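Visitor: This structure is in structure tokens; I'll ask about it shortly.
Number of protein chains: 2
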Amino acid sequence: MYENIEEDGNTHLIFAQELNNTKQMSKELTKRADDYSQWYNELVVKAGLADHSAVRGCMVIKPYGYALWENMRDQLDKRFKETGHVNAYFPLFVPKSLFEAEEKNAEGFAKECAIVTHYRLKTDPQNKGKLIVDPDAKLEEELIVRPTSEAIIWNTYKGWIQSYRDLPLLINQWANVVRWEMRTRLFLRTAEFLWQEGHTAHATRNEAIIETEKMLDVYAEFVEDWMAVPVIKGIKTASERFAGAEETYCIEAMMQDGKALQAGTSHFLGQNFAKAFDVKFSDKENKLDYVWATSWGVSTRLIGALIMAHSDDQGLVMPPKIAPVQVVIIPIYKGEESKPVIDEKVATIIAELKVLGIRVKYDDSDNTRPGWKFAEYELKGVPVRIAMGLRDMENNVVELARRDTKEKKSVSLNGLSTYIKDLLQEIQQNIYNNALAFRNEKTSVVNTWEEFVKVLDEKAGFVAAHWDGTPETEEKIKQESKATIRCIPLNNVQEEGKCILTGKPSTQRVLFARAY
Amino acid sequence: MYENIEEDGNTHLIFAQELNNTKQMSKELTKRADDYSQWYNELVVKAGLADHSAVRGCMVIKPYGYALWENMRDQLDKRFKETGHVNAYFPLFVPKSLFEAEEKNAEGFAKECAIVTHYRLKTDPQNKGKLIVDPDAKLEEELIVRPTSEAIIWNTYKGWIQSYRDLPLLINQWANVVRWEMRTRLFLRTAEFLWQEGHTAHATRNEAIIETEKMLDVYAEFVEDWMAVPVIKGIKTASERFAGAEETYCIEAMMQDGKALQAGTSHFLGQNFAKAFDVKFSDKENKLDYVWATSWGVSTRLIGALIMAHSDDQGLVMPPKIAPVQVVIIPIYKGEESKPVIDEKVATIIAELKVLGIRVKYDDSDNTRPGWKFAEYELKGVPVRIAMGLRDMENNVVELARRDTKEKKSVSLNGLSTYIKDLLQEIQQNIYNNALAFRNEKTSVVNTWEEFVKVLDEKAGFVAAHWDGTPETEEKIKQESKATIRCIPLNNVQEEGKCILTGKPSTQRVLFARAY
């Protein structure tokens, strides 16, 4: 689009020099087709979402990325509260003896735990000005930095739950967690990440299952409607379940490279944690029973999903509903004397947009030129860009550019705010439709092992295939194809078939994919 | 007030049994006059604000306490954004080599650091089902769990700041931090706590000082206007400064036991961290200089201040602006058939209150009786309680009780919502006025050592006295009286005087107190 800038009578200030800068900037971003992984890594940093830090595998979430997370958090939080949940906060640390109480959960996370062993530093006697761990300050019991909070929370619930009148307990926590992953990538897999974890307690198995499914629906609605990412709801196979769960429900999304990404999980924990922490309640008949549990979470990983689902070779593409800035206005002027005239008009437009609840930014900074700003906001994925020049104003129009389609057109100043409001909805819908069409295109149905491998290698995406239902076959398929069973879709069609690997009978197709 | 309940025609369902429970409940809370410290500890737990946890010194913030924190956070966050700040998130861990870079800061926090030394657990070969720290998974460099984030943030800023155009950098972080305190108390001093920490970078010394003072004003305005706690703005003496700061500004509040509590601090850090992490910028003349810094924070400790400033022997007293629930409505009825009539009327009232932005709760749970609820919401400090009985409705009135003054009266249903809106403002003002009158009463001016000790022992509170300005005298006074210099008030009156301890000349009074 920059190539045409000079031909546009209203943007005559974009000089050759700037065009070159602009080209360089977009050229700096690796193209998806060349190296998708590299494109992602560069984009996260260049768009100002996150940075690597001095701590292995930990990220710095930069202001633009954090603003995005705040929007996600606020939307999810609203939904949690509307469904009767309240927030609380539990300790960062889990004493080892509590951590190991639910054995499967402990085993699942033991290999990736950051462990606090000491509580004091002291001056290095060999090296003044340097500090060493004080060996006299060793903890009697080591503390695990929470990789998830079931243990510390169920140990707490023990004191809160005596009777059916204390149930259900519907609590959510916004927190940081640490999982010492060996290979990390910004947002997708980091040693520390931000998330929310819901932990609920119920009197009956059925009520807990209903809760598990309800929260999966909350996640699916949010990810589809606000992040414009279509998802498939399903349940995990036993081998892909959360450690300590009886059933793990998930939403699975498709990225532009044909790999799947698990966007959220909701676990039915049965009575496992209640038994591990001895949490019983007396029912209406005064009978004692263990409490039923669920847990569910989404994390900053969702930002990775958002980026990989929609963005292009020019940068991010933000769905308007979740975009920190929905509209950016850039003044185009030659002499300083024109600026106040533009400022005045822009102030009116901003006021109108704000009345409609639209998040708008006026970038009139004078240390970068319009062309640079155009490229910058394209990189940042701002859905609508308005260029505001003097001649445009005389003609009672502005130049408006959509980030998703890159269309540019003149729009009348009359009714501009309503036009933009409608346009933002249209963009939201368009981004979703594109992602859905892409996913549909990337979903294949195969019946033989040859087809299966061929589709994975040549087309990627979701592959619906029959499987004999055994963990052994699942593991063999994974070893030989690098594809995992992403989920058994909810309300799955039941049909007779033969396992693609073993030929044994199967009653339904499951969804395979290579995945993040 | 419960004693009168039976005489009230509309609350005839409060039986003797319940009165006893009610009495027991309020009796269970230790009286402030008997043991202020015990009263506080009990109140925090009984009112459902926080709980002790299985982790030494770490608290569980319960839903009611967390809702309070959310209100505080949202209000502060709004003010930070209005003053041009953005949020970001930095790692939980600080590598030891970064931690020790700013020597004074490191020295200040070294003795209370939780230290991560390992990143993996493994099955105990001696004891199946138990886990031990895997000795093969020792970190090459230990990680400090952040007690404050200057080190990790300034190490990051190094990569973000090159030129004056990158300044100012106005960033805030909402996070958890860990300080391994030996003696802990819920909210006031916990090993882990929640807070916000602002970290800004500036081109000039003067701009950084202006920022430091601006954020102190933001804190003071919030604490006074929203938490109804009057504060004194001042600066700390050198020995009470934040480790690594050139100047620490603070707001100091007075608790009901006559002890002071530091409610927030704002630090001018000079170029200390820029030098420690080599953060330079080129100015407009292309000259290189170190960047100027500030940091400022308030924490969940504010909840402790709120409790201790206003609450009474019956429980919490919440200023309406910050109260999670501003109005509670409790139905009073005999037979089940009356309930729908009350429900319908209450629904109308709630709708009207919500239009005015008032946070209202209808407690029609049927497993506790009205008397129990009255005591419960008194304990929780809900500013306005409405009892809604059938006979009241027939008379077109409700019974309304104020938590602050404990006044009870009949109020007409006509214009009730407007009445309540005004009343909430009046309550807010009244709570503030009481706290201010108390603080004024608890502020003494003394001129001799004898007076000083006598006032501290018999009256407590703030004591304005002359001090010779030396750290040695400050330390001696602290040793002998257990009082510290809380601050040198801003815009302090300059007057000739003699140090209460040494008799040496002094130019101004400083504010002493025993403190939390």
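Chain order of the listed sequences is X and H.
Here numbering that gives the first Met the number 0 is used: the first residue of the first sequence is 0, the next is one more, and so on.
Here numbering that gives the first Met the number 0 is used: the first residue of the second sequence is 0, the next is one more, and so on.
Glycine included, every Cβ here is placed at the ideal spot set by N, Cα and C.
Every value quoted in this text rests on a predicted model; they were computed, and no experiment measured them.
1) Identify the contact partners of Ile60(X) in chain H, using a Cβ-Cβ distance below 7 Å as the criterion.
2) Specify, as a first and last residue, the run of the beta strand (DSSP E) that Tyr248(X) falls within.
3) Excluding the 5 residues flanking Thr506(H) on each side, which residues of the same chain have their C-beta closer than 6 Å to its C-beta?
4) Compare the beta carbon distance of Ile231(H) and Leu423(H) with 8 Å and say whether it is the shorter of the two.
5) Within the 8 Å Cβ cut-off, does Ile114(H) reach chain X?
6) Look at Ala190(X) and Trp179(X) and say whether their C-beta atoms are less than 8 Å apart.
7) Just confirm the distance between the C-beta atoms of Ala273(X) and Tyr289(X), as a whole number of angstroms; I'd bet it's less than 8 Å.
8) Am I right that Ile209(X) and Ala87(X) are in contact with their C-beta atoms under 8 Å? What's the rounded C-beta distance?
9) Expressed to the nearest angstrom, what Euclidean distance is found between the alpha-carbon atoms of Gln16(X) and Thr122(X)?
10) Out of Gln313(H), Ala207(H), Lys333(H) and Trp194(H), state which residue places its alpha-carbon closest to the alpha-carbon of Thr29(H).
11) Straight-line CA distance for Lys497(X) to Thr469(X)?
12) Please say whether Ile341(H) and Met387(H) have beta carbons closer to each other than 8 Å?
13) Can you tell which of Ile357(H), Lys333(H) and Leu355(H) has the C-alpha that lies nearest to the C-alpha of Asp363(H)?
14) Of the residues Leu120(X), Lys127(X), Pro146(X) and Thr116(X), which one's Cα is nearest the Cα of Val132(H)?
15) Relative to chain H, which residues along the segment 191-205 of chain X have a C-beta separation below 7 Å, given in chain order?
16) Could you compute how far the alpha carbon of Phe373(X) sits from the alpha carbon of Lys407(X)?
17) Taking DSSP as the reference, what is the three-state secondary structure of Tyr398(X)?
18) Examine chain H for any beta-carbon lying closer than 8 Å to the beta-carbon of Arg300(X), and answer yes or no.
19) Roughly how many angstroms lie between the CA atoms of Ser25(H) and Met58(H), to the nearest whole one?
20) Spell out a yes or no on whether the segment 102-112 of chain X and the segment 132-152 of chain X are touching, meaning 3 or more CB-CB pairs, one atom from each, closer than 8 Å.
21) What residue range is occupied by the uninterrupted beta strand (DSSP E) comprising Gln261(H)?
22) Under 8 Å, Cβ to Cβ, is there at least one residue of chain H near Cys57(X)?
23) Alpha carbons only, please: which of Val177(H), Arg390(H) and Thr404(H) is nearest the one belonging to Asn604(H)?
24) Inspect the beta-carbon positions of Ala113(H) and Pro323(H) and report whether they are closer than 8 Å.
25) On the DSSP letters alone, give me the boundaries of the beta strand (DSSP E) that Met387(H) sits inside.
26) DSSP state of Gln23(H), grouped into three classes?
27) For Val444(H), does the count of other Cβ atoms within 10 angstroms reach 16, so buried, or fall short, so exposed?
28) Which whole-angstrom value describes the C-beta separation of Arg300(H) and Phe437(H), a residue pair presumed to lie in contact below a C-beta threshold of 8 Å?
29) Consider the Cβ of Phe92(H): report whether some Cβ of chain X lies at a distance smaller than 8 Å.
30) Using 8 Å as the limit for Cβ to Cβ distance, is Trp179(H) near chain X?
31) Would Glu398(X) pass as a contact of Ser409(X) if the rule is Cβ separation under 8 Å?
32) I want to verify the contact list: residues of chain X whose CB lies under 8 Å from the CB of Val144(H), in sequence order.
33) Taking C-beta to C-beta, are Pro94(H) and Ala49(X) nearer than 8 Å?
34) For Phe186(H) versus Gly303(H), is the C-beta spacing smaller than 8 Å?
35) With three or more beta-carbon pairs closer than 8 Å as the criterion, would you say the segment 152-166 of chain H touches the segment 279-288 of chain H?
36) Determine the closest residue to Arg358(X) out of Asp365(X), Thr367(X) and Ile348(X), with distance taken between C-alpha atoms.
Guide: This is what the structure gives:
1) Ala87 and Tyr88
2) Glu246 to Met253
3) Gln493
4) no
5) yes
6) yes
7) 4 Å
8) In fact, because the Cβ distance is near 22 Å, the residues do not count as touching under 8 Å.
9) Residue confidence for Gln16(X) is low, a pLDDT of 39 falling below 50, so the modelled location carries little weight; the figure read from the coordinates is stated next. Rounded to whole angstroms, Gln16(X) to Thr122(X) spans 55 Å at the Cα level.
10) Gln313(H)
11) 13 Å
12) yes
13) Lys333(H)
14) Thr116(X)
15) Glu191 and Leu193
16) 12 Å
17) In the sequence under discussion, the amino acid at residue 398(X) is Glu, which differs from the Tyr named in the question. Three-state DSSP puts Glu398(X) in a strand.
18) no
19) In this prediction, Ser25(H) has a pLDDT of 49, which is less than 50 and means its spatial position is unreliable; what the coordinates show is noted afterwards. Going by the C-alpha atoms only, they are around 24 Å apart.
20) yes
21) Ala259 to Gly269
22) yes
23) Coverage of chain H is limited to positions 0 through 515, which leaves residue 604(H) absent and any answer about it impossible.
24) no
25) Val383 to Gly388
26) Residue confidence is low: Gln23(H) scores 46 on pLDDT, short of 50, so the model does not pin down where it sits. Its coordinate-derived value is still stated next. Here Gln23(H) sits in helix by DSSP.
27) exposed
28) Wrong, their Cβ atoms sit about 20 Å apart, outside the cutoff.
29) yes
30) yes
31) yes
32) Leu91, Val115 and Val144
33) no
34) yes
35) yes
36) Ile348(X)
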